[in-house]
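Read the structure below first, then the notes.
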Amino acid sequence: MIVSKRQLIFISFVFISLFAACLSAAEAEKSDTRILIDISGSMKQNDPRNLRRSALRLLVGLMPQGNRAGVWTFAQYTNMLVPLGVINDSWKKKARRVSERISSPGQFTNIEDVMKRATADWQDSSADYRKNIILLTDGMVDVSKDKKRNEASRQRILEELAPDIKASGARIHTIALSDRADHDLMQALSEMTGGWYEQVNSADELQRVFLRMFEKVGKPDSV
0 MIVSKRQLIF
10 ISFVFISLFA
20 ACLSAAEAEK
30 SDTRILIDIS
40 GSMKQNDPRN
50 LRRSALRLLV
60 GLMPQGNRAG
70 VWTFAQYTNM
80 LVPLGVINDS
90 WKKKARRVSE
100 RISSPGQFTN
110 IEDVMKRATA
120 DWQDSSADYR
130 KNIILLTDGM
140 VDVSKDKKRN
150 EASRQRILEE
160 LAPDIKASGA
170 RIHTIALSDR
180 ADHDLMQALS
190 EMTGGWYEQV
200 NSADELQRVF
210 LRMFEKVGKP
220 DSV
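Residue numbers (numbering that gives the first Met the number 0): 0 to 222.
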């Protein structure tokens, strides 16, 4: 098999990331990462090849063992795709297996519900973990055909939910896939909590962006 220069650079970057993670794992406090993935129907157009699956598998493979993580998918309703748990070989195997369930069957985009459910235990969780959310969506807050209900949900995210998440010491990292995503909301959530915001113009970029997110959540900030 002939490996192109671009593929070689990508593979090298993966190994460099893994090496950096291994070096930092011994001295870093452990991380607790909640991954939230949009499966609304509009993803059929914006991610027609379900590249969310391979991007998630890549992120799972890079995560250091002994940390904690969980994966939720959402549209109108929230589903815990990979239960929150300590990352080990068994957890990674299950995460890779169930990643194949990611598709685009849902209606609406209930960002408020998935954020609330995925972080419900953070009020009482240990401060020993560096808490992070990775939120991937291609849309805007959409819980109803009633625009007033959508706006009310958006306001609760900004005025109630995000401040509570910030108070828990967590950071929200957002990935906006498509031009129609609510970029103002995604940026506001990241800026409010000291997280990172990424705009993705094509699903083909998802693996690159998930790699960059791993750099943010997989090891502590450089001094």
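From the three backbone atoms N, C-alpha and C, an ideal C-beta is built for every residue, glycine too.
Considering only residues of the region 174-211, which uninterrupted beta strand (DSSP E) runs meet the minimum length of 3 residues and lie entirely inside it, listed in chain order? 196-199
Paired residues, beta bridge with Trp121 - DSSP: Residue numbering aside, residue 121 sits at position 122 when the sequence shown is read from its first letter. Per DSSP, none; premise fails for Trp121.
Sort Gln106, Tyr128, Ser53 by Cα distance to Arg96 and report the nearest one. Within the sequence shown, residue 96 is the residue found at index 97, counting from 1. It is Ser53 whose Cα lies nearest to the Cα of Arg96.
Helix, strand or coil for Lys130 per DSSP? Sequence index remark: in the sequence shown, residue 130 carries index 131 (1-based). Here Lys130 sits in strand by DSSP.
In whole angstroms, what is the alpha-carbon distance linking Ala24 and Pro63? Counting from one through the sequence shown, the residue named residue 24 turns up at place 25. Counting from one through the sequence shown, the residue named residue 63 turns up at place 64. Bear in mind that the predicted position of Ala24 carries a pLDDT of just 44, short of 50, making it unreliable; the figure below should be weighed with that in mind. When rounded, the distance between both Cα atoms is 7 Å.
Per-residue burial, Asp120 [other beta carbons within 10 Å of its own, 16 or more giving buried]: By one-based count along the sequence shown, residue 120 stands at place 121. Result: exposed.
Considering only their Cβ atoms, is the gap separating Thr136 from Asp37 smaller than 8 Å? The residue given as residue 37 occupies position 38 in the sequence shown. The residue given as residue 136 occupies position 137 in the sequence shown. For Asp37 and Thr136, yes; Cβs fall inside 8 Å.
Considering just the uninterrupted stretch of the beta strand (DSSP E) at Ile34, what are its terminal residues? As a working mapping, residue 34 is identified with position 35 in the sequence shown. It spans 30-37 - the beta strand (DSSP E) in which Ile34 sits, taken as one unbroken run.
Here's the rule I'm using: 16 or more other beta-carbon atoms within 10 Å means buried, otherwise exposed. How should Asp88 be labelled? Position 89 of the sequence shown, counted from the first residue, corresponds to residue 88. By the neighbour-count rule (16 or more Cβ atoms within 10 Å), Asp88 is not buried but exposed.
Looking at C-alpha atoms only, which residue of Arg100, Val199, Ile171 is the closest neighbour of Leu188? What you label residue 188 is simply residue 189 of the sequence shown in a count that begins at 1. Among Arg100, Val199, Ile171, the Cα nearest to that of Leu188 belongs to Ile171.
Pairing CB atoms from the region 32-52 with CB atoms from the region 126-145, are three or more of them under 8 Å? yes
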